[in-house]
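With my numbering applied, the sequence shown corresponds to residues 271 to 1319, in that order.
A short write-up of the structure that comes next.
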Amino acid sequence: MSSQFALQTSFDVEYAPASIKKWRSKRTGLSLTYVNQPTPMVNGYFAVATEIPDDSGCPHTLEHLVFMGSKKYPYKGLLDSLGQRFFSYTNAWTAIDRTVYTLTTAGWEGFQKLLPIYLDHVFNPTIDDEACLTEVYHIDGKGKEKGVVFSEMQGIESQSWFVLYLEYYRALYSKESGYSSETGGLMSELRHLTWDQIRNFHKAMYRPDNVGVIITGSVDEKELLETMEQFDAELPSLPETPHKRPWIDSKVDLPLTEAVIREVEFPDDDETMGELLIGWIGPSAEDTLAVLALDMVGCYLAESPISLLNKHLVEVENPSATDIDVISDDFLRIGTNFYVGGIPVGELYNVDKKIKELLDSITKEENFDLTYMRQIVAQQKIKFVSKTEGSPLTFSNVAISEVIYGNRDGSDLSKWSKSLKEQDELATWSAKQWCDFIKTNFVDSKPVTIIGKPSAQAIKDHKAGNRKRNKDIREHHGEEGLLKLQKTLNDAQEKNDAPIPDEVLTKFGKPDASKIDFIETESYKAGNNKTELPFYKKDGSFYDIIQKDTPADFPLYVHLEDYKSQFVTAQLVFSSAVVPPELLRYFSLIEDIFSVSITKPDGSSLPYEEVITELNNDLLDFDLDNGFDSQFVELITVTVKFEVTKYDKAIQWLIDVLKYSVFEESRVRVIIEKLINSLPDKKRNDELMMYSSQYRTVYKESSLRKSQDSIYTENFYRELMQKIEDGKFDEITSDINTIKEKLFNVNNMKLFLTGGCSKLENPISSWSKFIKEFDGAASEADLDLERIPRSYQFKSEIGQNCSGQAFLVTTPASDTTHLIAMTPIPTDYSDIDIARIALASEILSGMEGPLWRGIRGSGLAYDASIRRMVESGFLTFVIYRGSDAQQAWETTKKIIHEHASGEVEIDQIAIDNAVAGIVNSLVKAESNNHDAAVNKVLDNIFKKRGPNYGRTFLKSLTSVTKQDLLDVLKKFFVPLFEPKKSLLFSCLPTTTAPGFQEFLEKQGYEVDLEEVNAASDEAAEKSVGEESEGSGESDDSDESSGSESEDED
């Protein structure tokens, strides 16, 4: 039988180790794109172009309902359960113009088996009433509004960014345009959405000719085509009259000819700081040169501290803003917008005016910095090559956009990804060309500006609206009606949770984990590295080079991980324990060490603007942050990434920055003002508030994790600002110099090199000049890798006792609940109970596991999980975006007790699925050369878990018995819900806090309730002295999400 899939394009990518092919079914129109780039992970992206002109949320609801079963496989959770079994992870996301379903699998074998099952769910979901009720929206017997989709939107609708973007898209695009819709679904619309609307939307959009299958990784191409051929044969043929194609066949909004300014309010008690969003409709996505030029202009305007907008609005005394983010909308015509945060309310309109004036100024050649722009073009090109060298993600994103907007003949795929000719052309553009381009797209084309103002009244109105709605619901339905609603919900949950027959799960077999190819890198050591590990190479040409190149008595610890690459990453790791505890709060300031001036011993100096310019010329990345790969957060890591030909320059920059950087008064003032002005925005983030409350309570002042908390350090930085005002800056300078002298010392540092190390010239002796600068400085202790400072060593008395206390935080505009409960576990990574805890956690928390069904499936929270944090010595239960904290807590307690007592049996299928889920996590963590190298360092040097940890860990998992699981559940999991053996932290709405406080007190917790608002100085002061109350955000390595940064292995 001849193949229905016709090859449309096939080419090698010129700048990355990848080749791309695309086929399209002649019969159905279904497209298949394969990005061949070697990696142990096979990734699938099933992209659907979705267009809707309203805020009903149909695209988002389908993203959830697809996983509730298909007509061929009518079981909720079958896809996720099989996914676990096949070393896979399923997910999906909805954007304005697309919904994308993802499948990530360790190896091709499991992926191949899941592919047709997953696609059947996409094309033929059941979408029954019961699934819609639980997943989308319902009212329970208490009159509470719930539903997975509803809860998700409830968690974001009152957030400032959501309010601004909702108005922005409505102002920029016509009412008829799908780009003006909120595809997530507004709560007001979800309440009235009918299930038939969802079914009709699926019928209209989920057609074979409107879906693209994109696969990346290492697969058997012949088997892939055979699998797709068999599935395609079951799909309907193309109609004689072509379907309307979403977006392509719709009316296109053109750039505006008149500027628009609108003002919106978002709920917040702190009315001092607002936000601004300004954006434009740009050129057609088909114009690849213009699209890339837009990206470059975005970098020119806001990529670094010396970019135009940052230089005038952020990096100045009395800054007009704290941060500016550039965001592109990859629509039919590319959209560009700037989100500006931390603006004093009185400056909001001035910032809008200033941005427009600055843009207008650079349409004149005499004001345009061509040298800087050409540096940006060159730098972005190298960064792009580096990114595509290590991951196929960039190509999958291109392929997804090509499905949505590309020509049907597949020609755009090579146009958008084969070469870098556009970068090369932009490198030759004149100042006039850039000025004309900016004038066309940012001046002649008019923007929409959304002014976002915080409003305390909006909070009152929001709360009053919620109270009225809750009252109306109860009155409308009455007691009898609510009982009926609860029964309907119970019946739906019973149907949804019908067990999947074992034979359905087992008939597909189980892939062989031994067939998964883990990435191997080559390890070498030099200098003061006395670690004895069996994988260190002791022969070969590069080993010989290292031996010859290492000077006698070389004092620096050096570890190298070599693999094929044009780039090398150097990481210098330091212990923060050598720094006096009272100085640790400076580290949010010290993190800016790469953006301050440099003064050499000969008196020559570079102002910070030139430092940043030259750094960008020589390095791809440079950073100082706490932790190593987001773990071991009491360490400090300085990271630089560079081309192998710029090794000497990278080392010289480390010398200049770490030793000769100067924190000048004017620069320090700017940094501190930004830190202070960013606080209102951070206090709006519920999850960050919860984790900060935890960190400031559980850890001591000598902990770097606590010392970088923004609420804990708020008064400290205000006091530093006062010192500057009082003419006492020399005290600050003295403290900073003390930190640098203590920290940056050869005795307190280890060097890790990863990448194309064998291409380096003089790989070891090149560091001799570095050692001369830092050897022999004052140091109280060496950084001993046998005694790495670990989080559990920095626990406060409350953290050590871990007993009987609950800390509740409320934020003004919060609508959902975040919660974390914690109890002690072993801190030895090789402890026999760690594997058992890992397996039990995966059984309980895995997709379609007991917590998934009991919490998410019941609409009690968007997510609930149990995580092991070996580094800090805690087992944690986490609720993310909860709608009912009390019921979620009680339900989880019941689930754990039922499993620990044996009332609910843990069957072998659940154990097998959990092991497979852990396999996926292990392989995913090492899906490219760099990550594999870093994990090798973590496993063997930091955690001392031994070579081939992944394989060893899997063996230990398979030896865990059911009795072991029962024992570990009783020993560690049950105590999570026993007040005498646990701590609890939560950020929740002010309306539900009193009731939850009363509930926890009845359980036996001593509860501290605190509100975070503009006047939270008292909280910060209290936490300094008592280590028990407060709120804030997580350490900076995690500020975007607020989640724990420690690993779970």
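Don't be surprised by glycine CBs; every beta carbon is placed ideally from N, CA and C.
In the DSSP annotation of this structure, the continuous segment of the alpha helix (DSSP H) that includes Arg744 starts and ends at Ala726 to Asn766. DSSP places Tyr827 in the strand class (E or B) of the three-state scheme.
Arg1221 sits exposed, since fewer than 16 C-beta atoms from the chains shown fall within 10 Å of its C-beta. Contact between Asp891 and Lys911 holds, since their C-beta atoms are separated by about 4 Å, short of 8 Å.
Put simply, the backbone Cα of Leu696 is about 11 Å away from that of Val561. CA-to-CA, the gap between Ser1256 and Tyr315 works out to about 36 Å. Thr907 is bridged by DSSP to Val843 and Asp895. Non-local C-beta neighbours of Val881 in its own chain, meaning closer than 6 Å and more than five positions away in sequence, comprise Ile868, ordered along the chain. Annotation for Thr1161: the continuous alpha helix (DSSP H) segment containing it runs Ala1155 to Ser1171. Bridge pairing for Cys1257: Val1079 and His1088 [DSSP].
Rounded to the nearest whole angstrom, the CA to CA distance from Asn886 to Phe638 is 19 Å. Sequence-distant partners of Val673 (beyond 5 residues in either direction) whose C-beta falls short of 6 Å from its own C-beta, in its chain, are Ala317 and Gly482. Taking the CA atoms as reference points, Asp367 sits about 18 Å from Ser301. Between Leu1023 and Val1204, the alpha-carbon positions lie close to 10 Å from each other. Excluding sequence positions up to five before and after Gln1273, its CB lies within less than 7 Å of the CB of Pro1249, all in the same chain and listed in chain order.
One alpha carbon belongs to Pro662, the other to Ser289, and they sit about 10 Å apart.
With fewer than 16 other Cβ atoms from the protein chains shown falling within 10 Å of its own Cβ, Ile597 counts as exposed. Counting the other CB atoms within 10 Å of its CB gives His462 a total below 16, which places it among the exposed residues. In this chain, the beta strand (DSSP E) harbouring Ser301 covers Ser301 to Asn306. Going by DSSP, Arg515 is part of no beta strand (DSSP E) at all; its letter is neither H nor E. Taken through DSSP and simplified to helix, strand or coil, Gln901 comes out as strand. Taking all protein chains in view, the Cβ of Pro717 is crowded by 16 or more other Cβ atoms within 10 Å, so the residue is classified as buried.
For Thr606, the pairing in a beta bridge is given by DSSP as Trp550 and Ser598. In chain order, Tyr359, Thr360, Leu384 and Met1117 place their CB closer than 7 Å to the CB of Gly353, counting only its own chain and leaving out the 5 sequence neighbours on each side. As the crow flies, the alpha-carbon of Ala572 is around 13 Å from that of Tyr642. In this structure, Met543 lies away from Gln650, with their beta-carbon atoms at least 8 Å apart. For Glu493, the uninterrupted alpha helix (DSSP H) segment begins and ends at Glu491 to Asp502. No residue range can be given for Val336, since it is assigned to no beta strand (DSSP E) and is classified by DSSP as neither H nor E.
Restricting attention to Phe471, Glu541 and Phe844, the CA atom closest to the CA of Leu618 is found in Glu541. Residue state for Ser326 is assigned as coil, using DSSP reduced to three classes. Glu879 and Ile1034 have their C-alpha atoms roughly 31 Å apart. Val1230 sits in coil when the DSSP states are folded into three classes, being neither helix nor strand. Asn313 is bridged by DSSP to Thr374 and Thr486. With a threshold of 16 other beta carbon atoms within 10 Å, Gly605 meets it and is buried.
Counting the other CB atoms within 10 Å of its CB gives Val530 a total below 16, which places it among the exposed residues. Rounded to the nearest angstrom, the gap between the Cα atoms of Gln1063 and Thr710 is 58 Å.
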